[in-house]
Amino acid sequence: MEKDVSFSPGIAVPIGAIERELGRVWEESGAAKTRASLINLAIYNEKTGSLETNSAIIGAIAGEHAMRAILIESDPDETGSRAEAWISMHCYLRGSKGGSVCSEQISFQLGGEAARSLQSVVFSHLDSDLPLVLWWQADFHPPIDGKLWQWVDRLLFDSRHWKKPSEQFQLITEIATLTETKLVLCDLNWARSLPVRQAVAGMFDNPAALAELQLIRSFHIDHAPGSRSTALLLVGWIANRLGWVLSDASQNPTFTDPKKGAVHVTLSEKEGASITRMLLNSEKASFELTHEPGSGLYVTNARSDSFPSMGRVIRAAREETREILLAELARGGRHPLYSLAVKAVQALW
Amino acid sequence: MNPDDILTANPLREGIANRLTPETCTLVIFGATGDLTHRKLIPALYNLAAEGALPPSLIIRGFARREKTTEEFRKELETSTRKFSRTPVNDELWNNFASSIFYNQSAFDDPRGYSELAREMRENDVAKGTGGNRLFYLAVAPDQFPIILGHLRSSGLNDALRGGWARIIVEKPFGMDLATARELNGLVGEVFPEKDTFRIDHFLGKETAQNIMVLRFANSIFESLWNSSHISHVQITAAEPLGVEGRAGYYDKSGAMRDMVQNHLLQLLTLMAMEPPTSLGADAIRDEKVKVLRSLRPLRGDDVFRHVVRAQYTEGLINGQPVTSYRGELGVSKDSTTETYVALQLNIDNWRWAGVPFFIRTAKRMPKGGTEIAVTFKGVPRVLFNQSTQTLDENVLVIRIQPDEGVSLRMSAKMPGSSLRIEPVKMDFHYGTSFGKATPEAYERLLLDAMSGDATLFARCDEVEEAWAFVDGIEEAWKTRSDDLAFHAAGSWGPTEATELAARHGVTWRRM
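Chains as they are written, first to last, in the numbering used here: chain A, 2 to 350; chain B, -14 to 497.
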């Protein structure tokens, strides 16, 4: 493989000497005498050059989330067996007192047999007693290896990048079944939709507005090109929360509210943030969220003849991967509604 | 709509936030032109609004004597929020937020002001959808409380409307002694039931104060050692390098005991010493806290002079700069006997803490600022490594409340080498370097809690009264003589009398 000369993942070390060399780097740096790491964050990718991209992400979040980062660039199809490792540190001064947040990074390039024995090469380098968050940036491949997933506490992935979502969701379900209830599934696409869900939910905190929620008859979303899956998750969320059942799985689907009848959903592409507009209409009221390009703000408006108009402006969440990842890591917990939302729109993927 | 179909809770909220959702209301701030509103309350509300954490249709009404229009009021608040907000102010966000702020100009004793307020609030309930919920914030001097409370009652503003609620937030001081605290609690209690009364102590809104319970009850290694069998003594310190900073009028009447010990430090003591609550509910926690206060061995008469040291700072140096004495501060009388330093040795007479001395000290004009709880564990037996040739330092667990929030543990370790030399080492956890995320201001959390009806982080009336009952014994003894007032130079760690107080128990005050 051709090496990128402009990027170095750190100091090259023999795999058997990683812990010793890390200890030496900590000692020499003198930057932080105490390592108060929160997690092991392993990132798995099968694309060449991913170490550089992921090093940049770790560099960007390490100042706010002390960790041991383990970056894996893997080529399972390579012949033979190849395993190389590098170590590096990301340190940031914080505040006037000069305390520093330091994270350590171990980078692996694995090929062939070594890539196929991920747990033996990589997971022997976890910081003990800390949870393992695995960010799987590749597609999931069958068959699912139960041994690998038993190690993982939280599995991050991003369904926005999936070309065959239904197949991938099936594999995710298998992983979740294999690990019983231990593994927490975290779709970054679901995390991406959280600020929109919060803003939309906020429109219905008022009792008068809440009364209209069950009377929603149509639902429209404008989403960025490539963000249809984010929009579908939002549709699945609303459908699950309101008990709608999918009755027409066309491009613009129809749901049936068991008590109230049909609910029509339309999705349109529009340049801008992942979700630029959501509009929910009942007969008497409309609830709209907009996120104008470049504004950095969500504007929500609830209008009706039966209650006073209610408008709010809220700081919009940034959509860079680092921001979504940081928010997800800081939030923790399980996502009980995620699989229900996925299931509600299963036929639309 | 079929009555069975009426939603009582927003189903879209499920799984989104793991806290109670604040309810739509009108927030009325009495004393809205004051420092607290400008420095803390409005910046906190702005940040909550920017994050979408405030309830929809929230209306904020400033109620104060000074003549000004709503527009002028908003402009002043914008200026101060730009200065004091923890996040930069965005124009569009501010404009949207400010559109919910209104100003009611009135003297506090003018019934017309309350009639007008009531009328406008009723209009808001209809036009803005505030749902009849009212949250009143008394950001005024305590002498105004009876006047405002009386008018709230006579104007009917304290009555919840149509199944809504009416709550009141009271800022400290909650009285100046037990009698005035009871009087105040009685006054408030005649107008608002206890469940709707939120006595704010911003120390309890700090993340690290909240973390005391987590540290104790979510970590089995600490709680199993958290008793007189293993703990030698506890020191709680709140030090600040500042002087009275323009608060001389209030401070000279109250002093360190009333200003800091009765509320903040006794609250920290209760969190540190309480038994595990039966649940995380507000009353379950406050029941346990109040038991600690009831278990404090009362200090009366001569006991006070054996267990408490009061002092005042004289001229000295802070950060290399000369500063005046307390009596030289603007607004302080030249013969003031108000204590700016106080050190206490307390005993908690219950099963868990029998025989463990607790030390509390607070002072102005200390060399550095900081608030912490230091738990010193008993030493190991004098055998093996702890023989006469080498005395081992005890383990000390320090919970730093502010600044540089975190937890550290001192332990003994062998120095590398062929000889057996044991030295103390410190394991230090800093919130800032593990959780890099900026923590919200205490007022943000507390305001949201009040809007949600969660009183966990607010003082209950019996807590306040028990704390005053304890402090009153000391204040009463102090009235009988003044020759015990000690002095220490500004920038020093306190008077020798305090050193002697600790030394009588074989303890040395911690160097922070």
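Backbone N, C-alpha and C define an ideal beta-carbon position, used for all residues, glycine too.
Interface residue (Cβ-Cβ distance to chain B less than 9 Å): Ser296(A) is classified as such.
Taking a beta-carbon distance threshold of 9 Å, Glu429(B) does not count as an interface residue toward chain A. The Cβ-Cβ distance between His221(A) and Arg278(A) falls below 9 Å. Within the segment 197 to 210 of chain A, contact with chain B at the beta-carbon level (separation under 9 Å) is assigned to Arg198, Gln199, Ala200, Val201, Ala202, Gly203, Met204, Phe205, Asp206, Asn207, Pro208, Ala209 and Ala210. Trp150(A) has its alpha-carbon roughly 9 Å from the corresponding atom of Gln120(A). Along the segment 85 to 115 of chain B, the beta strand (DSSP E) occurs as fully enclosed runs of 3 or more residues at 86 to 90, listed in sequence order.
At least one C-beta of chain A is nearer than 9 Å to the C-beta of Lys113(B).
Contact annotation: the segment 147 to 165 of chain B does not touch the segment 205 to 215 of chain B, with fewer than three C-beta pairs closer than 8 Å.
Under the Cβ criterion of 9 Å, Asn304(B) is not counted among the residues facing chain A. Residues of the segment 296 to 313 of chain A with a C-beta less than 7 Å from any C-beta of chain B: Leu298, Phe308, Pro309, Met311 and Arg313, listed in chain order. Between the segment 171 to 182 of chain B and the segment 439 to 449 of chain B there are three or more C-beta pairs closer than 8 Å, enough to call the two in contact. The C-beta of Pro337(A) comes closer than 9 Å to at least one C-beta of chain B.
Those residues of the segment -5 to 14 of chain B placed with their C-beta closer than 9 Å to a C-beta in chain A are Asn(-5), Pro(-4), Leu(-3), Arg(-2), Glu(-1), Gly0, Ile1, Ala2, Asn3, Thr6, Pro7, Glu8 and Thr9, ordered along the chain.
Around the Cβ of Lys260(A), a 10 Å sphere holds fewer than 16 other Cβ atoms; the residue is exposed.
In this model, Pro7(B) and Val74(B) are separated by some 23 Å (Cα to Cα). Ala126(B) carries a coil assignment under DSSP once its states are collapsed to helix, strand and coil.
With the rule of 3 Cβ pairs closer than 8 Å, the segment 202 to 216 of chain A does not count as touching the segment 170 to 190 of chain A. Thr263(B) carries a coil assignment under DSSP once its states are collapsed to helix, strand and coil.
If you check the CB distance, Pro352(B) and Ile303(B) come in under 9 Å. For Ala35(B), at least one C-beta of chain A is nearer than 9 Å to its own C-beta. Bridge partners of Gln387(B) according to DSSP: Thr356(B). The C-beta of Trp137(A) has 16 or more other C-beta atoms within 10 Å across all chains shown, which makes the residue buried.
Here the alpha carbon of Tyr326(B) sits roughly 35 Å from the alpha carbon of Leu265(B).
Sequence-distant Cβ neighbours of Ser217(B) in its own chain, meaning closer than 7 Å and more than five residues away, are Thr361, Phe362, Lys363 and Glu379.
No Cβ of chain B is located within less than 9 Å of the beta carbon of Arg218(A). Per DSSP, the beta bridge partners of Tyr45(A) are Ile73(A) and Trp137(A). Rounded to whole angstroms, the separation of the alpha carbons of Gly117(B) and Thr322(A) is 42 Å. It is roughly 16 Å from the alpha-carbon of Ala286(A) to the alpha-carbon of Ala112(B). Distance from the Cα of Thr323(B) is smallest, within the candidate group Arg466(B), Pro401(B), Gly391(B) and Met497(B), for Arg466(B). In terms of CA proximity to Phe343(B), Thr222(B) leads the group Thr222(B), Glu450(B) and Arg24(B). Taken in chain order, the members of the segment 241 to 271 of chain A whose beta-carbon sits within less than 8 Å of a beta-carbon on chain B are Arg242, Leu243 and Lys260. By the criterion of a C-beta distance shorter than 7 Å, Leu341(A) is surrounded in its chain by Asn241, once the five residues flanking it on both sides are discounted. Counting along the chain, His265(A) sits inside the beta strand (DSSP E) bounded by residues Gly262 to Glu270.
Interface criterion met: the Cβ of Asn80(B) is under 9 Å from a Cβ in chain A. For Arg316(A), the nearest CB of chain B lies under 9 Å from its own CB, placing it at the interface with that chain. Residues of chain A whose Cβ lies closer than 9 Å to the Cβ of Gly116(B) are, in chain order, Asn207, Pro208 and Ala209.
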